[in-house]
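Asks: FYI, in mature numbering (1 follows the signal peptide of the UniProt record, and there is no 0) the residues of the sequence shown are -21 to -1, 1 to 206.
Ideal placement from N, C-alpha and C gives every residue a C-beta, glycine not left out.
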Amino acid sequence: MLRKRYLTLLALLFGSCLSHASVTLSNTRVVYNADKKESNINVRNNTDSPFLVQSWVQGNDSQGTKAPFIVTPPLFRLDGGKANALRIIYNGTALPRDRESLFWLNVKSIPSSSREDVNKLQIAVNTRIKLFYRPANLADEPGEISKNVQWSVENNKLIVRNNSSYHISFAEVTINNKKWSEFDLLAPKSSKAFTLNNILLTNNASVHWKYINDYGGNSQLITQKIE
């Protein structure tokens, strides 16, 4: 009997995850260009059941600081098989003008329920994607990111410097035929250091890497020498 209940719970969990994953966003990231009045993203319900959708933007910190954006509509019902557009509007609060700023767009899908669902497991799922605020007239172009990235070795540490105006979301990094999973996101005008752990790099060592572009796809493979 206990085993049967356990299997039933697993089935409910698995089914719920599949169901909620069907409430999807049209993009994996949002780039808000400062010269535009707003930015849009679509939410689609690929199931037959209605969901309540709640959306908001938060700052790039562990406290979830309030961000200078509003999302409209902030809360709405999304029927099965339907889609709706979210409008993201910047409220004008001062942000750096020489580089991108990073925020997070949250879209929570809350399943509908009825009296018949009282014994069913209901899970609200929050989808969280990056929102980049991009000022106008930056000194460099998004397609020139690789020209403004430098790799070097100092005191047995690999240093990567991002001198560009853009956040770099690394898709993959390979050095000496070894893929490095430590690389994730590097803010503009910043650097990160990674311990080499006794990995010897020759004078001609190179790094091969890709980053995620504005459309959520991978860039072409970039090869650069380590200085």
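Would you call the segment 117 to 135 in contact with the segment 28 to 38, where contact means no fewer than 3 C-beta pairs closer than 8 angstroms?
Replies: Contact fails: fewer than three Cβ-Cβ distances are below 8 angstroms.
Asks: Please classify Asn142: does DSSP put it in a helix, a strand, or coil?
Replies: The answer is coil: DSSP assigns Asn142 none of H, G, I, E or B.
Asks: For Ala115, which option in Glu79, Thr7, Ser143 and Pro52 has the closest C-alpha, if you only look at C-alpha atoms?
Replies: If we check each option's Cα against that of Ala115, Glu79 comes out closest.
Asks: Can the beta-carbon of Val50 be found less than 7 angstroms from the beta-carbon of Asn24?
Replies: In this structure, Asn24 does not lie closer than 7 angstroms to Val50 by Cβ.
Asks: For a quick check, are the C-beta atoms of Gln37 and Trp83 less than 7 angstroms apart?
Replies: Yes; because the gap between Cβ atoms is below 7 angstroms, this pair is in contact.
Asks: On the DSSP letters alone, give me the boundaries of the beta strand (DSSP E) that Arg8 sits inside.
Replies: Start and end: Arg8 to Asn12.
Asks: DSSP on Glu120, reduced to helix/strand/coil?
Replies: In this structure, Glu120 counts as coil in the three-state DSSP scheme.
Asks: Helix, strand or coil: which one does DSSP assign to Lys168?
Replies: Lys168 falls in the coil class under three-state DSSP.
Asks: Could you check which residue in Val9, Leu81, Lys189 and Arg56 has the C-alpha nearest to that of Ser144?
Replies: Out of Val9, Leu81, Lys189 and Arg56, Leu81 has the C-alpha closest to the C-alpha of Ser144.
Asks: For Glu161 and Lys189, which I take to be in contact (beta-carbon distance under 8 angstroms), what is that distance rounded to the nearest angstrom?
Replies: Not really, about 15 angstroms apart at Cβ, beyond 8 angstroms.
Asks: Beta-carbon within less than 6 angstroms of Leu117's beta-carbon, same chain only, minus the 5 sequence neighbours each way: which residues are those?
Replies: Here the set comprises Ser144.
Asks: Where does Ser5 fall in DSSP's three states?
Replies: Coil at Ser5, not helix or strand.
Asks: Taking the continuous beta strand (DSSP E) assigned at Leu57, which residues delimit it?
Replies: Note, Leu57: beta strand (DSSP E), Leu54 to Leu57.
Asks: Based on the DSSP output, what are the partners of Ile102 in its beta bridges?
Replies: Its beta-bridge partners do not exist; DSSP assigns none.
Asks: Kindly indicate which residue of Asn155, Thr44 and Asp58 has the alpha-carbon position closest to the one of Pro90.
Replies: Pro90 has its Cα closest to that of Asp58, out of Asn155, Thr44 and Asp58.
Asks: Contact check, Leu137 vs Leu175 under 8 angstroms by CB: the rounded distance?
Replies: With a Cβ gap of about 6 angstroms, Leu137 and Leu175 count as contacting.
Asks: Given a threshold of 16 other Cβ atoms within 10 Å of its Cβ, counted over all protein chains shown, does Asn156 qualify as buried or as exposed?
Replies: Exposed, by the Cβ-count rule.
Asks: Nearest to Leu74 by alpha carbon, out of Ala64, Phe48 and Pro52?
Replies: Cα-wise, what sits closest to Leu74 is Phe48.
Asks: Just to confirm, is the Cβ distance from Asn105 to Ala64 under 7 angstroms?
Replies: No, they are not a contact pair.
Asks: If you follow the beta strand (DSSP E) that Arg23 is in, where does it begin and where does it stop?
Replies: First-last of the beta strand (DSSP E) with Arg23: Ser18 to Asn24.
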